[in-house]
Amino acid sequence: MKIEKVYMTREAEELVNNDRLFKQSYEEVVASICSSVWPMDSETFIINNTEKNGNGVVPVKELCYVMLEDTYNWFREKPLDVLKVEKKKGGPIDVYKEFVENNELKRVGLEFETGNISSAHRSMNKLLLGLNRKEIDLAMILMPVFELSRFLTDRVSNYEELEPYFENTEGKPFIYIGFNADEFSSSVPFIPKGSDGMSKRSIKKWKDKIENN
Numbered sequence: 197m198k199i200e201k202v203y204m205t206r207e208a209e210e211l212v213n214n215d216r217l218f219k220q221s222y223e224e225v226v227a228s229i230c231s232s233v234w235p236m237d238s239e240t241f242i243i244n245n246t247e248k249n250g251n252g253v254v255p256v257k258e259l260c261y262v263m264l265e266d267t268y269n270w271f272r273e274k275p276l277d278v279l280k281v282e283k284k285k286g287g288p289i290d291v292y293k294e295f296v297e298n299n300e301l302k303r304v305g306l307e308f309e310t311g312n313i314s315s316a317h318r319s320m321n322k323l324l325l326g327l328n329r330k331e332i333d334l335a336m337i338l339m340p341v342f343e344l345s346r347f348l349t350d351r352v353s354n355y356e357e358l359e360p361y362f363e364n365t366e367g368k369p370f371i372y373i374g375f376n377a378d379e380f381s382s383s384v385p386f387i388p389k390g391s392d393g394m395s396k397r398s399i400k401k402w403k404d405k406i407e408n409n
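Residues 197 to 409 (the numbering used here) are what the sequence shown spells out, left to right.
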């Protein structure tokens with residue numbers, strides 16, 4: 197997989213350029229999505245482009261999640277107190293990591309968006325709420341670009357579709373990352389839809405970290 201488009205607000209750019217740990221968090225996300233390959237025995241990500249909406253998205257996300265969790269120690273499903281405790285509505289952040297340096301806590305939230313455009317807006321608003329309530333310090337959204345999304349599951353949103361609304365997050369440290377396949381080909385199998393073909397594994401959830409401390 198490759199990164200094709202990136203947009204950082206001025207605040208996010210300052211964090212990434214001037215803070216070693218925020219830069220590390222961004223590089224870990226980039227490395228993880230770029231680690232996704234298809235077919236599984238390939239060294240690159242090649243997608244079958246013979247049928248619109250012909251490929252699933254779960255394996256794409258799962259390979260990225262595996263690297264974030266196992267290599268870089270990110271955690272899945274981190275709830276925001278403002279949603280879980282105060283409003284009692286809304287789901288957790290997809291992936292989350294805390295960095296500590298000189299007794300200073302730095303928190304990064306990531307949404308891996310492969311739902312429809314309504315889901316993408318919810319992800320953006322969830323992260324924005326986390327920033328506004330000072331529960332995270334840097335927000336990122338990871339999503340396919342249009343060229344790739346048209347060959348994924350029906351109605352998957354894409355970077356360009358959300359792009360007109362990026363300005364809603366100006367003034368906050370927010371990063372949008374658009375990824376694309378390395379190659380398009382008719383000679384590779386379609387990516388299974390749902391969790392077909394994926395081996396079961398133990399997800400590194402935030403609640404398990406809290407319970408074990």
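Ideal Cβ positions, reconstructed from N, Cα and C, are used throughout, including at glycine.
Notebook entry, point to check: Curious, which full-length alpha helix (DSSP H) runs of at least 4 residues does the segment 326-382 contain?
Noted result: 342-345, 355-358
Next item on the list: Reducing DSSP to helix, strand and coil, say where Phe386 ends up.
Entry: Note: Phe386 maps to coil in three-state DSSP.
Checklist line | Residue range of the unbroken beta strand (DSSP E) whose run includes Cys306 | finding: Contrary to the premise, residue 306 reads as Leu rather than Cys in this sequence. Per DSSP, Leu306 belongs to the beta strand (DSSP E) from 300-308.
Next item on the list: Assign Arg303 to one of two classes, buried (16 or more other C-beta atoms within 10 Å of its C-beta) or exposed (fewer than that).
Entry: buried
Checklist line | For Tyr222, the nearest candidate out of Val202, Asn245, Glu239, Leu323 (CA to CA) | finding: Closest by alpha carbon: Val202.
Item checked: beta strand (DSSP E) segment containing Ile399, residue limits -> Element bounds for Ile399: n/a, residue is neither H nor E.
Check: To which residues does DSSP link Tyr261 through a beta bridge?
Finding: According to DSSP, Tyr261 bridges with nothing at all.
Item checked: Neighbour-count burial assignment, Gly393, 16 or more Cβ in a 10 Å radius -> Low confidence applies to Gly393: its pLDDT is 45, below 50, so where it sits in the model is not reliable enough to give any reading.
Next item on the list: Have a look at Glu273 and Ser383 and give me their C-alpha separation to the nearest angstrom.
Entry: 36 Å
Item checked: Stretch pair the segment 200-218 + the segment 363-374: three plus CB contacts closer than 8 Å -> Touching, per the Cβ criterion.
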